[in-house]
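A.B. asks:
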Amino acid sequence: MRIAFCGTGIMGRPMAIKLIEAGHELRLWNRTPEKASIPGGHIAASPAEAAREADVVWVCVSDTAAAERVLLDPAAGVLSAVRPGMIVADSSTISPRASREFAARFAERGAAFADCPVTGSKAGAEKGELIFIVGGEPEPVAKLQPLFAVMGKRVFHLGGNGMGLAAKLAMNLNIALIYEGFAEGLVLAEKSGIPVASMLEIISATMLRSGVVEYKGPWVERRDFSPNFPLRWMHKDIHLMLEHARELRVKLPALETVEEVYAVAGEEGMADLDYAATLTLLEKWAGIQV
Numbered sequence: 080m081r082i083a084f085c086g087t088g089i090m091g092r093p094m095a096i097k098l099i100e101a102g103h104e105l106r107l108w109n110r111t112p113e114k115a116s117i118p119g120g121h122i123a124a125s126p127a128e129a130a131r132e133a134d135v136v137w138v139c140v141s142d143t144a145a146a147e148r149v150l151l152d153p154a155a156g157v158l159s160a161v162r163p164g165m166i167v168a169d170s171s172t173i174s175p176r177a178s179r180e181f182a183a184r185f186a187e188r189g190a191a192f193a194d195c196p197v198t199g200s201k202a203g204a205e206k207g208e209l210i211f212i213v214g215g216e217p218e219p220v221a222k223l224q225p226l227f228a229v230m231g232k233r234v235f236h237l238g239g240n241g242m243g244l245a246a247k248l249a250m251n252l253n254i255a256l257i258y259e260g261f262a263e264g265l266v267l268a269e270k271s272g273i274p275v276a277s278m279l280e281i282i283s284a285t286m287l288r289s290g291v292v293e294y295k296g297p298w299v300e301r302r303d304f305s306p307n308f309p310l311r312w313m314h315k316d317i318h319l320m321l322e323h324a325r326e327l328r329v330k331l332p333a334l335e336t337v338e339e340v341y342a343v344a345g346e347e348g349m350a351d352l353d354y355a356a357t358l359t360l361l362e363k364w365a366g367i368q369v
């Protein structure tokens with residue numbers, strides 16, 4: 080397929096590489112042009128230029144505002160180059176409401192739009208093992224299946240536009256709360272004289288075992304907080320969760336408390352570290368190091 084790929088950052092770059100390796104023709108755009116330089120791909124000067132002859136436009140950018148600029152900018156956005164029959168797949172984690180609004184704008188021009196957020200972090204993107212959580216009409220989603228298969232290992236199609244994002248936010252809510260409970264438990268155990276290695280062994284042997292702990296535990300044990308999923312992006316997602324919850328009149332008291340931890344962690348200079356670095360803030364407050 081002829082694919083325009085807009086956003087070649089931590090997640091987008093390995094996703095684009097997988098598509099190129101599978102033989103697809105890619106025109107690449109990124110806000111920082113040098114990051115769009117991928118062997119086998121062609122750099123475009125704008126999202127509109129990248130999309131002009133594309134069958135599929137794939138977007139993977141940081142937040143709702145960035146997605147809006149890429150998609151709707153009057154002079155350089157994808158919408159200005161849209162053609163009937165084009166499919167736009169957005170893997171950005173953004174507001175479900177905004178995604179539905181984008182879908183309506185593209186539908187007016189005869190193009191389909193699907194929200195396709197992913198889970199699996201950088202490692203999953205590099206291995207082609209992402210999980211796609213999709214919202215959109217059945218026909219365009221079916222046409223995207225060969226591309227999902229190149230970049231990922233499983234696809235959950237949950238209904239119409241915005242449904243993939245709603246599920247992704249609910250999932251990330253669980254990740255944020257599970258990790259925070261894990262970090263607080265480690266700090267309490269360390270303050271009590273119990274080493275982290277013992278706690279990790281206990282957790283893996285009991286009902287506390289979880290994918291979040293299994294994945295983050297080794298990073299915590301070697302105190303590696305290099306960004307796999309940067310704290311600032313999880314904090315952004317927490318804001319999206321709270322905004323979505325307010326729209327639905329849902330109260331999320333535990334998440335509201337965790338948001339305060341992330342806000343302070345950002346102020347403490349941890350925004351570009353992995354979200355696992357919230358542990359170090361808890362350590363600081365407790366006067367210990369796990």
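The opening residue of the sequence shown carries number 80 in our numbering; numbering runs sequentially from there.
In this text, a Cβ means the ideal position worked out from N, Cα and C, and glycines have one as well.
1) Between which two residues does the beta strand (DSSP E) containing valine 140 stretch?
2) Could you have a look at valine 329 and say whether DSSP puts it in helix, strand or coil?
3) Could you work out which residue in Ala133, Leu98, Leu150 is closest to isoleucine 117 when comparing CA atoms only?
4) Give the range of the alpha helix (DSSP H) segment to which lysine 270 is assigned.
5) By Cβ distance below 6 Å, which residues in the same chain neighbour histidine 103 in space, the five residues on each side in sequence not counted?
6) Going by DSSP, what residues sit across from cysteine 195 in a beta bridge?
7) Which same chain residues, not among the five before or five after threonine 143, have their C-beta less than 7 Å away from its C-beta?
8) Tell me where the alpha helix (DSSP H) around arginine 288 begins and ends.
9) Return the residue from the list Val136, Glu180, Val140 that minimises the CA-CA distance to proline 219.
10) What is the rounded straight-line gap between the Cα of alanine 344 and the Cα of threonine 357?
11) If we call anything under 9 Å between Cβ atoms a contact, is alanine 145 one with arginine 110?
12) Would cysteine 215 and glycine 239 be called neighbours here (beta carbons separated by less than 9 Å)?
13) Who does phenylalanine 235 pair with in a DSSP beta bridge?
C.D. replies: So, from the data block:
1) Looking at the DSSP string, valine 140 is not in any beta strand (DSSP E), and its letter there is neither H nor E.
2) coil
3) Leu98
4) 242 to 270
5) Met80, Ile82
6) None; cysteine 195 has no bridge partner.
7) Ile173, Ser174, Ala177
8) That residue, arginine 288, is in no alpha helix (DSSP H); it is neither H nor E in DSSP.
9) Val136
10) 6 Å
11) yes
12) In the sequence on display, residue 215 carries glycine and not cysteine. Yes.
13) Ile212
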